[in-house]
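Here the structure is laid out as structure tokens; the discussion comes afterwards.
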Amino acid sequence: MERVQVTPRSYPTNLIDKDWSNRKLFFRKNSDDFLNLVHDMKLRDDDVWIVTLPKCGTTWMQELLWLLLNNLDFDEALAKDQEIRSPFLEFDILVNEDLERSLRPVEELKSPRLIKSHLSLALLPSQLWQRKNKVIYVFRNPLDAIVSRYYHGVSFGIHYGKSLHQYFDEILANEDFAAEIIEHAYEFYQLRNEPWVYYTSFERMKKDLRGVINDVSIFLDKPINEEPLMERLLKHLSFEEMKKNPTTNHLWERAQIKHKNAGKEVHPFVRRGEVNGYKDELKPEQIEKANACIKKILDNNSVTMEELLLLNNP
């Protein structure tokens, strides 16, 4: 998939005061019409958005959010694929290049809608900046996310015949890779104290899932007041349960693109779920080079990786 630099019709200048003209944004080639549709998208008052970079714990958080928004309906969650319950906004344009259908899964969803997107802040609907629908943002150590993204692609037949090290070297060859990642996250990090934004990290969820569940439930005005319900949520969201749950392993998405990318090697969608797993998957020189590129962008934004991952929080 060829990606190119894109320019949105407008920028969220009411949210973040900065020189947006220097912000590089990228998306699939020939997608201007889709991005315009998203820019003009009509939102509902009770829409909730989950925004992340790929492979940052999106599915994990998405399952929690859907359950909270749907009265902890575990039976429905186990019976219907997550992608149907909570559509990925960019799926049809990225996979099927179907502009006409691109927004239909979201438009046809009953309220309250939980909408997933990997788009940067400036590419999200302009109504989101004005109406300030609730947004949950999850970040993850970029190296873990990139490794996970590789195996995700292999499971869909996208990277067949290419090793992880080859894939990672291609990432490193892109001079904008670090800025794309850090600026995507930092813009939401800057909004973390806004009442309509909940910012967290994969690492924090791994460290204290109960605490994150409590925080998110209060953020959505859906507090969990009974310990048996909390225990059931913790079990449902555990790595072991998520890994064996077919509705959270994106089998529906795989079926949709099977005719386009017949994967020869299959990895489960929920694969390792570890923090710092990249350290035993990447070469030391790859890690060193990637971290140097990332640190440069972090320094430019006067923020640290520990801050973005909320590792300094008690």
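Going left to right, the sequence shown walks through residues 1 to 314 as the UniProt record's numbering numbers them. Positions of the beta carbon are idealized from the N, C-alpha and C atoms, including for glycine. Small disclaimer: the values here were computed from a predicted structure and weren't measured.
Check whether Leu220 and Leu103 have beta carbons under 8 Å apart: Not a contact, by the Cβ cut-off of 8 Å.
Give a yes or no on whether the C-beta atoms belonging to Leu64 and Ile213 are separated by under 8 Å. For Leu64 and Ile213, yes; Cβs fall inside 8 Å.
Mapping the DSSP letters down to three states, classify Trp66 as helix, strand or coil. Helix at Trp66.
Could you check where the beta strand (DSSP E) with Lys116 kicks off and where it finishes? Segment 114 to 117, the beta strand (DSSP E) holding Lys116.
Short Cβ contact (8 Å threshold) for Phe26 with Glu180: Judged by beta-carbon spacing, Glu180 lies within the 8 Å limit of Phe26, meaning their Cβ atoms are closer than that value.
Arg85 lies in the alpha helix (DSSP H); which residues open and close that run? 82 to 85 is the extent of the alpha helix (DSSP H) around Arg85.
Please check the pair Val38 and Leu124, which I expect to be a contact at CB under 8 Å, by giving their CB distance rounded to whole angstroms. Cβ-Cβ separation between Val38 and Leu124: approximately 7 Å, consistent with a contact (criterion under 8 Å).
Could you give the DSSP three-state label for Val275: helix, strand or coil? The answer is coil: DSSP assigns Val275 none of H, G, I, E or B.
Coarse secondary structure for Val106, derived from DSSP in three states: Reduced to three states, the DSSP call for Val106 is helix.
Helix, strand or coil: which one does DSSP assign to Val6? Looking at Val6 - three-state DSSP - the assignment turns out to be strand.
Would Leu143 and Tyr278 be called neighbours here (beta carbons separated by less than 8 Å)? Taking a C-beta distance under 8 Å as the contact criterion, Leu143 and Tyr278 qualify as a contact pair.
Buried or exposed for Thr58, please, with buried defined as at least 16 other CB atoms from any protein chain shown within 10 angstroms of its CB. Thr58 comes out buried.
Once you ignore the five residues that flank Leu310 on each side, which residues in its own chain have a CB closer than 6 Å to its CB? Excluding residues within five positions, the ones whose Cβ falls inside 6 Å are Ser201, Arg204.
Please state the DSSP three-state secondary structure of Phe156. In the structure shown, Phe156 sits in coil (DSSP, three-state: anything other than H, G, I, E or B).
Rounded to a whole number of angstroms, what is the C-alpha to C-alpha distance between Tyr167 and Ser148? Spanning the alpha carbons of Tyr167 and Ser148 requires a straight line of approximately 12 Å.
Min CB distance Leu164 to chain D below 8 Å: Going by chain labels, chain D is absent from the structure shown, which holds only one protein chain.
How would you call His165, buried or exposed, if buried means at least 16 neighbouring beta carbons within 10 angstroms? The residue in question, His165, is exposed, as its Cβ has fewer than 16 Cβ neighbours within 10 Å.
Hey, Leu229 and Leu72 are a contact pair by Cβ (cut 8 Å); roughly how many whole angstroms apart? Indeed they touch by this definition, with Cβ atoms about 6 Å apart.
Mapping DSSP to helix, strand and coil, what is Arg28? The answer is strand: DSSP assigns Arg28 an E or B state.
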